[in-house]
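Peer 1: In order, the protein sequences belong to chains X and R. Letter by letter, the first sequence follows residues 1 to 249 of this note's numbering. Letter by letter, the second sequence follows residues 250 to 443 of this note's numbering. Just so it is clear, CB atoms sit at the ideal spot from N, CA and C, and this is done for glycine as well. The structure follows.
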Amino acid sequence: MVCESWKARLDTYLDGEVSEEEMRTFDSHVRNCPSCSADALARVQLKRAIQVAGKRFTPSAEFRKRMQQSIASKPRHSFRLGWTLAAAAAVVLVVGTLTSTYLGNRSGRDQVFSEIADLHVAALASSAPVDVISTDRHTVKPWFQGRIPFAFNLPQLQNSGFSLLGGRMTYLEQTPGAHLIYDVGKHHISVFVFQERSMPARLTDSSILPGKLSFNMETWGQGGLRYFVIGDASAANIDSLAKLFKAAS
Amino acid sequence: MDLSGANLQFDSFEELATPLFDQLYNFAHWLTQNREEAEDLVQETYVKALKGFSSFQLGTNFRAWIYRILRNTFLTSRKGLKVTMTVPLEFDEDEVVPELAIEHDTPETFLLARSSHELLQKAIDELPVHFREILLLCEVEEMSYQEMSDTLAVPIGTVMSRLSRARQTLANQLRPHSQQEAARRIARGTNHGL
């Protein structure tokens, strides 16, 4: 019953529409309350599913062409009208040529980020977030041998403020990868490693602030592998852990 | 001078409108539920937006502005009028909806239903238009409550209550399917790891 007041505002929290202070309080409660954590996970998954299902329709090539022709075929009555029509035609042309590739790739990229966020949330909400429980990288790294089709290095963490909790296998687009969970302060950070060639979309090295779920994320490619570091820790912490991995690889 | 002003205006419009074309089309198709009508709607929206761009204040929210044009164009179309006349709002929109009333599926049941992408699309399709549009603006376009308020021309409180009811309606539509799917999978013994 104590959770009723939290659950009453859970959607508003997940929509990112509460104050920063409330967001921190919510974060803390959700992490420590199995009931709210499970509820939040269900709602996040539904939000993600709607997001993917909602991107359903794309304009046809015929529509782009027809729109372009209909606007271009109109007579020029004046400079201003001519400009207006030319502008509209140009917009359609640019839209046709640029957005189909740009947005297509962006959509694929966003989907990858959404999946990564899902994997992170799902692991933390699980009663067994890691399959190999160890703070020792020399224990965790060999555990992946034979389980994933590639090898990678884990960084040394002395005096870094980070601690390794363990690892688990994960899948993205039916491709196996490694999922490592780290702690910094009271925050959990996930590091995902996949083979670059298995990525469903072309990704560039970047820092991402998805905003709505208050996760910071950084991704980069190195040695044929694609790394993702994600968590609700600060962007500086995410970047620090990413740098440790870059240095170790 | 006139030319440079026109170029400046066009550059701004192109810069603002170009990235939204596919999104606007997607939204239009969800509203009209018909490819031809969606194309007409987007075309009319672009014409109106370009025509009225001089009244748009640079620095304000262009996305909310052009979505509002699209939506108003839809609502005043024959289909839009038919939809709004045949689907009355059956509740007090200003009433704050207690989210406690919404029973969400457990992650397990939803994970089972999650594979049913088409089922979810069908459920969204079957939502009343005012629920469908707000859900898409929130989840697909990732608009803030303020942006949705600007787009739909309703107060933020109404955005919250309408969104809540949209989610509740969608969850109610999905629940029987996810329960059936769960039962089927368990019966088949394919409920691995759940």
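Of all Cβ atoms in chain R, is any one closer than 8 Å to the Cβ of proline 129 of chain X?
Peer 2: Taking the first sequence and counting its residues from 1, the one referred to as residue 129 of chain X is at position 129. For proline 129 of chain X, the answer is no, since every Cβ of chain R falls outside 8 Å of its Cβ.
Peer 1: With a Cβ-Cβ cutoff of 8 Å, do leucine 164 of chain X and leucine 157 of chain X count as a contact?
Peer 2: Taking the first sequence and counting its residues from 1, one reaches residue 164 of chain X at position 164. Taking the first sequence and counting its residues from 1, one reaches residue 157 of chain X at position 157. Closer than 8 Å, so yes.
Peer 1: Any C-beta of chain X sitting closer than 8 Å to the C-beta of glutamate 288 of chain R?
Peer 2: Locating residue 288 of chain R in the second sequence gives position 39, where the first residue counts as 1. Taking Cβ atoms only, chain X reaches closer than 8 Å to glutamate 288 of chain R, which makes this a yes.
Peer 1: Can you tell me where the beta strand (DSSP E) holding phenylalanine 183 of chain X begins and where it ends?
Peer 2: Indexing the first sequence from 1 puts residue 183 of chain X at position 183. Residue identity differs from the one stated: residue 183 of chain X is aspartate in this sequence, not phenylalanine. Element bounds for aspartate 183 of chain X: 175–184.
Peer 1: Once DSSP output is grouped into helix, strand and coil, what is the label at arginine 56 of chain X?
Peer 2: Counting from one through the first sequence, the residue named residue 56 of chain X turns up at place 56. Coil at arginine 56 of chain X, not helix or strand.
Peer 1: To which residues does DSSP link phenylalanine 228 of chain X through a beta bridge?
Peer 2: The residue labelled residue 228 of chain X in the question sits at position 228 within the first sequence. Its beta-bridge partners are X:Phe192 and X:Thr219.
Peer 1: Can you tell which of X:Ala178, X:Ser234 and X:Ala242 has the C-alpha that lies nearest to the C-alpha of arginine 147 of chain X?
Peer 2: Position 147 of the first sequence holds residue 147 of chain X. Checked all of X:Ala178, X:Ser234 and X:Ala242; the closest Cα to arginine 147 of chain X is X:Ala178.
Peer 1: One question on the structure: do valine 332 of chain R and valine 378 of chain R come within less than 8 Å of each other, judged by their Cβ atoms?
Peer 2: Here residue 332 of chain R corresponds to residue number 83 of the second sequence, with the count starting at 1. Here residue 378 of chain R corresponds to residue number 129 of the second sequence, with the count starting at 1. Cβ atoms of valine 332 of chain R and valine 378 of chain R: closer than 8 Å.
Peer 1: My assumption, with CB atoms under 8 Å, is that asparagine 310 of chain R sits in contact with aspartate 399 of chain R. Please give the rounded CB distance.
Peer 2: Mapped onto the second sequence, residue 310 of chain R falls at position 61. Mapped onto the second sequence, residue 399 of chain R falls at position 150. Between aspartate 399 of chain R and asparagine 310 of chain R the Cβ distance is about 6 Å, and since that is below 8 Å, they are a contact.
Peer 1: Would you grab the beta carbon distance between alanine 242 of chain X and valine 112 of chain X for me? Rounded to a whole angstrom, and I think it's under 8 Å.
Peer 2: What you label residue 242 of chain X is simply residue 242 of the first sequence in a count that begins at 1. What you label residue 112 of chain X is simply residue 112 of the first sequence in a count that begins at 1. Incorrect: roughly 17 Å between the Cβ atoms, too far for contact.
Peer 1: Please classify histidine 188 of chain X: is it buried, with 16 or more other beta-carbons within 10 angstroms of its beta-carbon, or exposed?
Peer 2: As a first step, residue 188 of chain X is located in the first sequence; it is residue number 188 there, counting from the start. Classification for histidine 188 of chain X: buried.
Peer 1: On a CA-only basis, which of X:Pro155, X:Phe152 and X:Thr170 is nearest glutamate 115 of chain X? Give me that one, please.
Peer 2: In the first sequence, residue 115 of chain X corresponds to position 115, counting from 1. The candidate whose alpha carbon is nearest that of glutamate 115 of chain X is X:Thr170.
Peer 1: Taking 8 Å as the CB-CB limit, is isoleucine 318 of chain R close to chain X?
Peer 2: If you number the second sequence from 1, residue 318 of chain R lands on position 69. It does not; no Cβ of chain X falls within 8 Å.
Peer 1: Leaving out five residues before and five after threonine 294 of chain R in sequence, what residues of the same chain have Cβ atoms less than 6 Å from its Cβ?
Peer 2: Here residue 294 of chain R refers to the residue found at position 45 of the second sequence. These residues qualify, in order along the chain: Ile318, Leu319 and Thr322.
Peer 1: Please identify, using Cβ separations under 8 Å, the residues of the segment 46–65 of chain X that lie next to chain R, in order along the chain.
Peer 2: The residues in question are Leu46, Lys47, Ala49, Ile50, Gln51, Val52, Ala53, Gly54, Lys55, Arg56, Phe57, Thr58, Pro59, Ser60 and Phe63.
Peer 1: Pull up the distance between the alpha-carbon of serine 206 of chain X and that of asparagine 153 of chain X, whole angstroms please.
Peer 2: Along the first sequence, one-based indexing puts residue 206 of chain X at 206. Along the first sequence, one-based indexing puts residue 153 of chain X at 153. The alpha-carbon atoms of serine 206 of chain X and asparagine 153 of chain X are separated by roughly 21 Å.
Peer 1: With a threshold of 8 Å between beta carbons, is isoleucine 373 of chain R in contact with chain X?
Peer 2: Taking the first residue of the second sequence as 1, we reach residue 373 of chain R at position 124. It does; some Cβ of chain X falls within 8 Å.
Peer 1: Within this structure, are the beta carbons of cysteine 3 of chain X and serine 37 of chain X separated by less than 8 Å?
Peer 2: The residue labelled residue 3 of chain X in the question sits at position 3 within the first sequence. The residue labelled residue 37 of chain X in the question sits at position 37 within the first sequence. Their beta carbons are not under 8 Å apart, which means cysteine 3 of chain X does not touch serine 37 of chain X by this criterion.
Peer 1: For lysine 328 of chain R, I'd like the list of residues in its chain whose CB is within less than 7 Å of its CB, leaving aside the five on either flank, ordered along the chain.
Peer 2: Walking along the second sequence from the start, residue 328 of chain R turns up at place 79. So the list reads Thr281 and Glu286, once near-sequence residues are dropped.
Peer 1: If you draw a straight line from the C-alpha of glycine 221 of chain X to the C-alpha of arginine 56 of chain X, how long is it?
Peer 2: Here residue 221 of chain X refers to the residue found at position 221 of the first sequence. Here residue 56 of chain X refers to the residue found at position 56 of the first sequence. Roughly 30 Å separates the two Cα atoms.
Peer 1: On the DSSP bridge list, what partners appear for threonine 309 of chain R?
Peer 2: Position 60 of the second sequence holds residue 309 of chain R. Per DSSP, R:Leu307.
Peer 1: Can you give me the C-alpha to C-alpha distance between arginine 424 of chain R and serine 365 of chain R, rounded to a whole angstrom?
Peer 2: Here residue 424 of chain R refers to the residue found at position 175 of the second sequence. Here residue 365 of chain R refers to the residue found at position 116 of the second sequence. So the alpha carbons of these two residues sit roughly 12 Å apart.
Peer 1: With a 10 Å radius around its C-beta and 16 neighbouring C-beta atoms as the bar for buried, classify glycine 301 of chain R as buried or exposed.
Peer 2: Position 52 of the second sequence holds residue 301 of chain R. When all chains shown are included, glycine 301 of chain R counts as exposed.
Peer 1: Kindly list the residues whose CB is nearer than 8 Å to the CB of aspartate 118 of chain X, restricted to its own chain and excluding five residues on each side of it in sequence; keep chain order.
Peer 2: Locating residue 118 of chain X in the first sequence gives position 118, where the first residue counts as 1. Only Val44, Gln45 and Arg48 meet the Cβ criterion.
Peer 1: Taking the alpha-carbon of aspartate 11 of chain X as reference, which of X:Glu21, X:Ala42 and X:Arg24 has the nearest alpha-carbon?
Peer 2: By 1-based counting over the first sequence, the position of residue 11 of chain X is 11. Comparing Cα-Cα distances from aspartate 11 of chain X to each of X:Glu21, X:Ala42 and X:Arg24, the minimum goes to X:Ala42.
Peer 1: Taking Cβ-Cβ distances shorter than 7 Å, what residues in chain X pair up with glutamine 370 of chain R?
Peer 2: For this step, residue 370 of chain R is matched to residue 121 along the second sequence. Within 7 Å Cβ-Cβ: Ala53 and Arg56.
Peer 1: With a threshold of 8 Å between beta-carbons, can aspartate 232 of chain X be considered close to chain R, or not?
Peer 2: Counting from 1 along the first sequence, the entry for residue 232 of chain X is found at position 232. By this cut-off, aspartate 232 of chain X is not an interface position.
Peer 1: Expressed to the nearest angstrom, what Euclidean distance is found between the alpha-carbon atoms of leucine 180 of chain X and isoleucine 238 of chain X?
Peer 2: Residue mapping note: residue 180 of chain X aligns to position 180 of the first sequence, counting from 1. Residue mapping note: residue 238 of chain X aligns to position 238 of the first sequence, counting from 1. If I take the Cα positions, the gap works out to 13 Å.
Peer 1: Could you tell me the distance, in whole angstroms, from the CA atom of serine 326 of chain R to the CA atom of alanine 372 of chain R?
Peer 2: If you number the second sequence from 1, residue 326 of chain R lands on position 77. If you number the second sequence from 1, residue 372 of chain R lands on position 123. The alpha-carbon atoms of serine 326 of chain R and alanine 372 of chain R are separated by roughly 24 Å.
Peer 1: In terms of residues, what are the limits of the alpha helix (DSSP H) holding leucine 385 of chain R?
Peer 2: Along the second sequence, read from residue 1 onward, the residue named residue 385 of chain R stands at position 136. Counting along the chain, the alpha helix (DSSP H) containing leucine 385 of chain R begins and ends at 378–388.
Peer 1: Write down the C-beta distance between phenylalanine 215 of chain X and isoleucine 230 of chain X rounded to the nearest angstrom, noting that I regard them as a contact closer than 8 Å.
Peer 2: Here residue 215 of chain X refers to the residue found at position 215 when the first sequence is read from its first residue. Here residue 230 of chain X refers to the residue found at position 230 when the first sequence is read from its first residue. Their Cβ separation, rounded to whole angstroms, is 5 Å, which keeps phenylalanine 215 of chain X and isoleucine 230 of chain X in contact under 8 Å.
Peer 1: Taking C-alpha atoms, which residue in X:Phe194, X:Met199, X:Ala248 and X:Thr204 lies nearest to tyrosine 227 of chain X?
Peer 2: Within the first sequence, the letter at position 227 stands for residue 227 of chain X. Comparing Cα-Cα distances from tyrosine 227 of chain X to each of X:Phe194, X:Met199, X:Ala248 and X:Thr204, the minimum goes to X:Phe194.
Peer 1: Can you have a look at proline 155 of chain X and say buried or exposed, based on whether 16 or more other CB atoms are within 10 angstroms of its CB?
Peer 2: Residue numbering aside, residue 155 of chain X sits at position 155 when the first sequence is read from its first letter. So proline 155 of chain X ends up on the buried side.
Peer 1: Who are the near neighbours of valine 132 of chain X in its chain, counting only those whose CB is closer than 6 Å to its CB and skipping five residues on each side?
Peer 2: Position 132 of the first sequence, counting from 1, holds the residue named residue 132 of chain X. Hits under 6 Å: Val140, Trp143, Gly166 and Gly167.
Peer 1: Output the residue ranges of the alpha helix (DSSP H) runs that lie fully inside the segment 263–320 of chain R and measure 4 residues or longer, sorted by chain position.
Peer 2: Segments of the alpha helix (DSSP H) lying fully in the segment 263–320 of chain R: 270–281 and 284–300.
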